[in-house]
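K.L.:
Note that numbering that gives the first Met the number 0 has the sequence shown beginning at 0, numbered continuously upward. The beta-carbon is built from N, C-alpha and C at its ideal position, and this holds for glycine as well. Small disclaimer: the values here were computed from a predicted structure and weren't measured. First the structure, then my questions, so here it is.
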Amino acid sequence: MTEAYWGDTSAPAIDWRMSAALENVPRGGSEVAEVTNLEAAVRAWLALDPTRRAEATLTPEHPLQLGTEPAATTLHGAAIQALADILPHTPTAPEPPEAPTAA
């Protein structure tokens, strides 16, 4: 069976502010998912070492379509790297404030 397309078939624009969970990443001795916005999750993935990057799973609030690939509800490895390659140069969403540290 073949699919037919009408009109613009390019991938829709990415909403970097949508919620996303970065999973299978250790945090403080346990593997708790970090729920944040998509942009922050991809930036956090970039900060991981290569072994942790390979194990990580990114689950966006809505399916994402990258290029001509079908829309995906979970992303791993190369798909997350493809998102990282098109990240805005400057963060679009404000980072949460850091907790004060004791002097």
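Could you pull the start and end residues of the beta strand (DSSP E) that residue 41 belongs to?
P.N.:
Position 42 of the sequence shown holds residue 41. First-last for residue 41: 37-45, but that is the alpha helix (DSSP H), not the beta strand (DSSP E).
K.L.:
Per DSSP, which residues does residue 21 bridge with? Please list them.
P.N.:
Along the sequence shown, read from residue 1 onward, the residue named residue 21 stands at position 22. 33 and 57, per the DSSP bridge assignment.
K.L.:
Per DSSP, residue 82 is paired with what?
P.N.:
Along the sequence shown, read from residue 1 onward, the residue named residue 82 stands at position 83. Per DSSP, none; premise fails for residue 82.
K.L.:
For residue 84 and residue 77, I'd like the C-alpha separation in whole angstroms.
P.N.:
Here residue 84 refers to the residue found at position 85 of the sequence shown. Here residue 77 refers to the residue found at position 78 of the sequence shown. Near 10 Å, if we compare the C-alpha coordinates of residue 77 and residue 84.
K.L.:
Pick from 36, 37, 53 and 73: whose alpha carbon is nearest that of residue 24?
P.N.:
Reading the sequence shown from its first residue, position 25 is the one you call residue 24. Minimum Cα distance to residue 24 is reached at 53.
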